[in-house]
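Everything on this sheet refers to the single structure shown next.
Number of protein chains: 2
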Amino acid sequence: MSEFSNVTVLKKANIYSDGNVTSRTLVFPDGSKKTLGIMLPGEYEFGTAEKELMEIQSGELDVLLPGATDWRTFSDGTAFEVPANAKFSLKVRVVTDYCCSYIK
Amino acid sequence: MSEFSNVTVLKKANIYSDGNVTSRTLVFPDGSKKTLGIMLPGEYEFGTAEKELMEIQSGELDVLLPGATDWRTFSDGTAFEVPANAKFSLKVRVVTDYCCSYIK
Numbered sequence: 001m002s003e004f005s006n007v008t009v010l011k012k013a014n015i016y017s018d019g020n021v022t023s024r025t026l027v028f029p030d031g032s033k034k035t036l037g038i039m040l041p042g043e044y045e046f047g048t049a050e051k052e053l054m055e056i057q058s059g060e061l062d063v064l065l066p067g068a069t070d071w072r073t074f075s076d077g078t079a080f081e082v083p084a085n086a087k088f089s090l091k092v093r094v095v096t097d098y099c100c101s102y103i104k
Numbered sequence: 105m106s107e108f109s110n111v112t113v114l115k116k117a118n119i120y121s122d123g124n125v126t127s128r129t130l131v132f133p134d135g136s137k138k139t140l141g142i143m144l145p146g147e148y149e150f151g152t153a154e155k156e157l158m159e160i161q162s163g164e165l166d167v168l169l170p171g172a173t174d175w176r177t178f179s180d181g182t183a184f185e186v187p188a189n190a191k192f193s194l195k196v197r198v199v200t201d202y203c204c205s206y207i208k
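Residue numbers (the working numbering), protein chains in the order written: chain A, 1 to 104; chain B, 105 to 208.
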């Protein structure tokens, strides 16, 4: 699927880490939300509220998932889940285009 | 208006200048298009195909419009137009969140 139809898009961007991580929020007819975002190379730590599914559309990054001791590498066409109320760390190697789904 | 409703959003980002300028494409029910984008600090030159209306949602940048000799400063809540088939230069001072409308 190359596009999302019949969605509401918030005009204002979500901006983190001086703009090195930014995203746009999409709201679907069923009330569910996704963000489409860009991460520039760098190291970041993020926390979740809801469970998240992170789909990597392009790019490459290493991820340390909650409770994990080993970093795992993700790139184009791969995905990972992060539990709710958890922290995870990212080392973004190249500009990364992602889609994050928030799962209730 | 804080959101756009009933739009189609392309999943893949538009990525320019090593990710320092990125945007998402929105298609409206009437077929018209807008992009919602982020520009990180830096100097850029862009060209238009269609006429563009650039609305600055947040940020600050200096713009040299086609044919102009003086740079003009734009920030939160301001906007400028660029004619079709023209080049314009930007000096982005702080992370800038914009909405670009393509006008036929």
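Positions of the beta carbon are idealized from the N, C-alpha and C atoms, including for glycine.
- In the DSSP assignment, Gly146(B) is bridged to Val196(B).
- Collapsing the DSSP output to three states places Asp180(B) in coil.
- Using a 10 angstroms sphere on the CB of Ser136(B), the tally of other CB atoms stays under 16, which defines it as exposed.
- Between Lys115(B) and Cys100(A), the gap from beta carbon to beta carbon reaches 8 Å or more.
- Look at Cys203(B): its C-beta is under 8 Å from a C-beta on chain A.
- The criterion of a C-beta distance shorter than 8 Å is satisfied by Ile56(A) and Ala79(A).
- Glu45(A) and Phe74(A) have their C-alpha atoms some 16 Å from each other.
- Interface residue (Cβ-Cβ distance to chain B less than 8 Å): Phe88(A) is not classified as such.
- Around Asn85(A), the same chain offers Thr48, Ala49 as residues with beta carbons nearer than 7 Å, after the five sequence neighbours per side are excluded.
- With fewer than 16 other CB atoms across the displayed protein chains lying within 10 angstroms of its CB, Gly171(B) is exposed.
- For Asn6(A), the enclosing beta strand (DSSP E) has its first and last residue at 3-10.
- Selection Leu26(A), Glu3(A), Leu40(A) evaluated against Tyr16(A) yields Leu40(A) as nearest (Cα-Cα).
- Considering only Asn110(B), Val199(B), Thr129(B), Ser193(B), the residue with the shortest C-alpha distance to Asp174(B) is Ser193(B).
- From the listed residues Val199(B), Thr139(B), Asn118(B), Lys138(B), the smallest Cα separation to Glu164(B) is found for Val199(B).
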